[in-house]
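Taken in order, these protein sequences are the chains called A and B.
So in the working numbering the end of the first sequence lands on 333, straight run, no missing numbers.
So in the working numbering the end of the second sequence lands on 1201, straight run, no missing numbers.
The C-beta atom is built at its ideal place from N, Cα and C for all residues, glycine as well.
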Amino acid sequence: MSLPPPNTGSTICAELISGPWPLESSPLVSHSWAALWLHAWNAFWFAPTDPLPLGLVRIATGLLLAWSSTVWLLDTSAFFGTGGWLPAENVWRMNDQPWQWSLYFPFSSESAVFWVTLITLLAAVLLTIGLATPLAAVVALVGFISASNRAPLNVFGFDDVLGMLLIGLVVGPAGAACSVDSQLWRGRGWRLSSAATLAIRLIQVHLCVIYFFSGCGKLLGATWWEGTALWGAIANLQYRTLDLMWLAGHPLVVNVLTLTTLFWEVLYPVLIWPRLTRRLVLAMAVMVHMGIGLSMGMMEFGLVMLVANMAFMPASVCRKLLCLPVKVYPAIP
Amino acid sequence: MPTVASHSTPPRAMPWSIVARAVLSLALCLYFSAVVLAPLAGPPPASELANWLIQPFRPFIGGLYLGHGYRFFAPDPGPGHSIRWSMQLTDGSPLNGVLPNPTSDWPRLLYHRRFMVSEKIAAFVPLSDAPEAIRTKARLDWQPLVKGVAGHLLKKHGGTQITLTLVEHFLPAPEDVLRSRQEPDLLTPLGTYAIAADRSP
Chain A
1 MSLPPPNTGS TICAELISGP WPLESSPLVS HSWAALWLHA WNAFWFAPTD PLPLGLVRIA
61 TGLLLAWSST VWLLDTSAFF GTGGWLPAEN VWRMNDQPWQ WSLYFPFSSE SAVFWVTLIT
121 LLAAVLLTIG LATPLAAVVA LVGFISASNR APLNVFGFDD VLGMLLIGLV VGPAGAACSV
181 DSQLWRGRGW RLSSAATLAI RLIQVHLCVI YFFSGCGKLL GATWWEGTAL WGAIANLQYR
241 TLDLMWLAGH PLVVNVLTLT TLFWEVLYPV LIWPRLTRRL VLAMAVMVHM GIGLSMGMME
301 FGLVMLVANM AFMPASVCRK LLCLPVKVYP AIP
Chain B
1001 MPTVASHSTP PRAMPWSIVA RAVLSLALCL YFSAVVLAPL AGPPPASELA NWLIQPFRPF
1061 IGGLYLGHGY RFFAPDPGPG HSIRWSMQLT DGSPLNGVLP NPTSDWPRLL YHRRFMVSEK
1121 IAAFVPLSDA PEAIRTKARL DWQPLVKGVA GHLLKKHGGT QITLTLVEHF LPAPEDVLRS
1181 RQEPDLLTPL GTYAIAADRS P
């Protein structure tokens, strides 16, 4: 069996910039440096792609938002009511008023906060199944932002990432694949879409920004350089759901785990793009985020990060994993 | 299996016009400027330049809930915090509690939402051995937040007076665990609050 010749640098470069749009067929190409950049920009952001990955991100995001809304509902008056943890007149102390608007400011009675939260939950369910998806996505985003801006004492990283995903779902045709909408209106197939590309790229690039700043923030800390930072998470009783205190006797293991996490996070925005390293980076994401979820009881945070990482799964892989017998049609010119 | 991936033949024209792509490109640049400026100008240390550049983006960042620093477990994972409270009920009997309560705050996401109350308030409260000037200045920031928490607990449990204490839990080093050494938690009084005549604490 003969192996295919290895990719040379120039081959990889051509593949990166051309995408599904052959360079020689583009009317813009004059092979100048600026034209190459313009072509690469167009291919990156606007070349039509399969909306399947966006559809899968929609389902997972909808489920997480539905769960989050359910938990808000368990104590709505405490989170959003007038006599809650943070009275409305003190919200400005925690976030940037008046820009961080919320429906919970005008609708602040006990029944009103309950109904606003319930509507968000319903929108999340509709988003998950993909029924009236564009409207559901907008209502879900409005409900989500309202909750997060009204209860700054109660939000954490999970909410930061969930908001980023919802913005992508509002921008793109989130209901074009794996949805009730697609079954009702488009039969058993869907079209390649530039809007799907735009939405998935928004999530991908934003996720790189998140990892970049998260990694850079860790570089400010001595314990991350010393390789002991993960011990601080392991030994924190308020987070702990899995007893890993036996690692006290294995400092080198803690060093390896800490430094691997640090360098993976810092290098994520670079190594996630080449096909050669993408699988390794995604496999590491699964280990890190499931590790956080299981050992620190932050399963929702771990899951939302994994959902964001799903944006990097190629449609062909999603299709193979799901064994989807679906037709994909070209985009409408 | 009728799986057809017809994108094997590349289409020859971009679906969107050049004007549409130009407008979207501009919007993308603005969007990611906001996304990047938020953590750049966010938690300290931050540059004066970033703080200046972010000003026109504040409505957009606030409106779309993009103002995050993304400093997860950074710069160093620190000790956990909780708030112990002791309340006097209307019949004079005492009631004690802790926020968050790992035994009753379930599901775990509810625990985390309540845990964030103590963690975020703790970020405003200096240690009890900090200089008096720093503690006095910080009190202006944390006391209104604590007052809200106190008011909520009094209303929820029907109390007349409540005393709150911030607990910084001892974070053992590996050698502490190996030697079975346990240091006491650090306690910082957050004050005593009572229902006023107008029913606000």
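Any beta-carbon of chain B closer than 7 Å to the one on Ala196/A? For Ala196/A, the answer is no, since every Cβ of chain B falls outside 7 Å of its Cβ.
In chain order, what residues of the stretch 1014-1028 of chain B put their CB closer than 8 Å to some CB of chain A? Listed in sequence order: Met1014, Pro1015, Trp1016, Arg1021, Leu1024, Ser1025 and Leu1028.
Rank Gln1182/B, Pro1189/B, Gly1191/B and Ser1086/B by C-alpha distance to the C-alpha of Leu237/A and give the top, closest one. When each option's Cα is compared against that of Leu237/A, the closest is Gln1182/B.
DSSP-derived helix/strand/coil call for Ala124/A: Reduced to three states, the DSSP call for Ala124/A is helix.
What is the DSSP secondary structure of Trp21/A, counted as helix, strand or coil? Because the pLDDT of Trp21/A is 48, which lies under 50, any placement of that residue in the model is unreliable, and the number read from its coordinates should be weighed accordingly. Collapsing the DSSP output to three states places Trp21/A in coil.
Cross-chain neighbours of Asp243/A in chain B, by beta carbon under 7 Å: Simply none; closest approach about 11 Å.
In three-state terms, what does DSSP make of Tyr239/A? Residue state, collapsed to three classes: coil.
Report buried or exposed for Ser214/A, applying the criterion of at least 16 other Cβ atoms within 10 angstroms of its Cβ. So Ser214/A ends up on the buried side.
Rounded to whole angstroms, what's the CA-CA distance from Val307/A to Lys320/A? Just pull it up for me. Between Val307/A and Lys320/A, the C-alpha separation is close to 18 Å.
Could you have a look at Glu1168/B and say whether DSSP puts it in helix, strand or coil? Of the three classes helix, strand and coil, the one that applies to Glu1168/B here is strand, per DSSP.
C-alpha distance - Pro35/A paired with Met305/A, whole-angstrom precision: A quick correction: the sequence has Ala, not Pro, at residue 35/A. If I take the Cα positions, the gap works out to 36 Å.
Residue range of the alpha helix (DSSP H) that Ala137/A falls in? Segment Thr133 to Arg150, the alpha helix (DSSP H) holding Ala137/A.
Can you find the residues in the same chain that come closer than 7 Å, C-beta to C-beta, to Ala78/A, ignoring five residues on each side of it along the sequence? Closer than 7 Å at Cβ, skipping near neighbours: Gly84 and Trp85.
Please report the distance separating the alpha-carbon of Gln183/A from that of Tyr1031/B. Between Gln183/A and Tyr1031/B, the C-alpha separation is close to 33 Å.
Give me the chain B residues within the contact set of Val71/A, using Cβ-Cβ distance strictly less than 8 Å, ordered along the chain. The answer, in chain order, is Pro1107, Leu1109, Leu1110 and Arg1113.
Inter-residue Cα distance where the pair is Pro330/A and Trp190/A: Computed Cα separation, rounded: 9 Å.
Return the residue from the list Ala199/A, Ala315/A, Pro269/A and Trp45/A that minimises the CA-CA distance to Phe212/A. When only C-alpha atoms are compared, the closest one is Pro269/A.
Output, in chain order, the set of chain A residues within a Cβ distance shorter than 7 Å of Gly1097/B. The premise fails here: Gly1097/B is roughly 14 Å from chain A at the closest Cβ pair, so nothing lies under 7 Å.
Where Val161/A and Gly1042/B are concerned, what is the direct C-alpha to C-alpha distance, given to the nearest angstrom? Our two residues, Val161/A and Gly1042/B, have alpha carbons roughly 16 Å apart in a direct line.
Straight-line Cα distance separating Ser179/A from Ala1020/B: Roughly 28 Å separates the two Cα atoms.
Using the beta-carbon of each residue, which ones in chain B are nearer than 7 Å to Phe156/A? Near Phe156/A (Cβ distances below 7 Å), the residues of chain B are His1112 and Met1116.
Relative to chain B, which residues along the stretch 137-148 of chain A have a C-beta separation below 7 Å, given in chain order? Correct list: Ile145 and Ser148.
Candidates Ala88/A, Arg150/A, Arg278/A and Phe156/A, of which the one nearest Leu1110/B by Cα: When each option's Cα is compared against that of Leu1110/B, the closest is Phe156/A.
Three-state secondary structure assigned by DSSP to Thr82/A: DSSP places Thr82/A outside both helix and strand once states are collapsed to three, so it counts as coil.
Interface positions of the stretch 1061-1084 of chain B facing chain A (Cβ-Cβ less than 9 Å), listed along the chain: Hits within the stretch, in order: Ile1061, Gly1062, Gly1063, Leu1064, Tyr1065, Leu1066, Gly1067, His1068, Gly1069, Tyr1070, Arg1071, Phe1072, Phe1073, Ala1074, Pro1075, Asp1076, Pro1077, Gly1078, Pro1079, Gly1080, His1081 and Ser1082.
Closer than 7 Å by beta-carbon distance: list the chain B residues that pair up with Gly249/A, in chain order. Those are Leu1178, listed as they occur along chain B.
Chain A contact residues for His1152/B, given Cβ-Cβ distances below 7 Å: For the C-beta of His1152/B, the chain A residues within less than 7 Å are, from N- to C-terminus, Ala78, Gly83, Gly84 and Trp85.
Along the beta strand (DSSP E) that carries Met1087/B, what are the first and last residues, could you check? Met1087/B -> beta strand (DSSP E) spans His1081 to Leu1089.
What number of angstroms, rounded off, separates the C-alpha of Met1001/B from the C-alpha of Leu324/A? Here Met1001/B scores only 31 on pLDDT, less than 50, and its place in the model is too uncertain to base an answer on.
Short check: CB of Val1167/B to CB of Arg1113/B, under 7 Å? Their beta carbons are not under 7 Å apart, which means Val1167/B does not touch Arg1113/B by this criterion.
Anyone know if the C-beta pair for Ala1046/B and Leu1066/B falls short of 7 Å? Between Ala1046/B and Leu1066/B, the CB-CB gap reaches or exceeds 7 Å.
Are Gly175/A and Gly217/A close, meaning C-beta to C-beta below 7 Å? In this structure, Gly175/A keeps its C-beta atom at 7 Å or more from the C-beta atom of Gly217/A.
Quick check on the burial criterion: 16 or more other C-beta atoms within 10 angstroms. Buried or exposed for Val334/A? This structure gives no information on residue 334/A, because the portion of chain A shown stretches from 1 to 333.
What three-state label does DSSP hand Ser193/A in the structure shown? In the structure shown, Ser193/A sits in a strand (DSSP, three-state: E or B).
Using only alpha-carbon positions, find the residue among Gly232/A, Trp246/A and Gly291/A that is nearest to Phe1170/B. Considering only alpha carbons, the answer is Gly232/A.
Going by DSSP in three states, Leu52/A sits in which element: helix, strand or coil? Here Leu52/A sits in helix by DSSP.
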